[in-house]
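**Q** Basically the numbering used here = 1-based index in the sequence shown + 10.
No residue lacks a Cβ here, since even glycine has one placed at the ideal position from N, Cα and C.
On a predicted model such as this, the values are computed, not experimentally measured, just so you know.
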Amino acid sequence: MKKGNDFFNDVYDVVRQIPKGRATSYGAIAAYLGNKRGARMVGWAMGSSYNEQGIPAHRVVNKAGELSASQLFETPTTMQERLESEGVKVENNRIVNWEQCFWDPEKELH
């Protein structure tokens with residue numbers, strides 16, 4: 011994947027490639043884009059995308075698999091509902107099988 015100069019668009023390009031039934035973290039996206047300490051910047055990018063069509067923002071969670079942005083969706087349960095509709099099990103606002111669901115862009119994208 012070619013990384014452009016617009017960080018937010020680069021983030022969205024990565025997020026669009028996360029397969030259904032998988033999730034990744036803000037930090038994993040930042041590391042893939044060459045900024046291992048840029049998780050917060052990825053969060054800012056995601057903050058303006060939660061209601062955008064074509065960006066599966068529900069598949070981006072924190073490094074522990076917690077649905078840390080669930081309050082930013084249409085309802086507090088939208089993020090969980092979307093993940094569960096794709097086969098991801100969520101309990102107590104956290105992905106149950108996080109290690110198996112984790113999608114690492116550094117390994118998956120070439």
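1) Near SER58, which residues of its chain fall below 8 angstroms by C-beta distance, leaving aside the five closest residues on each side in sequence?
2) Bridge partners of PHE112, per DSSP?
3) Which ranges does the alpha helix (DSSP H) cover as unbroken runs of at least 4 residues, wholly within the region 41-93, from first to last along the chain?
4) Within the same chain, show all residues whose beta-carbon is closer than 6 angstroms to that of CYS111, passing over the 5 residues directly before and after it, in chain order.
5) Compute the Euclidean distance between the alpha carbons of SER90 and LEU119, then round it to the nearest angstrom.
**A** In terms of the structure at hand:
1) The beta carbon of SER58 is closer than 8 angstroms to those of PHE18 in its chain, skipping five residues each way along the sequence.
2) Residue pairing for PHE112: DSSP places it in a beta bridge opposite ALA33.
3) Whole alpha helix (DSSP H) segments, 4+ residues: 49-57.
4) Around CYS111: ARG32, ALA33, VAL98, ILE105.
5) For the record, residue 90 in the displayed sequence is Gln; it is not Ser. Using only the alpha carbons, I get a separation of about 25 angstroms.
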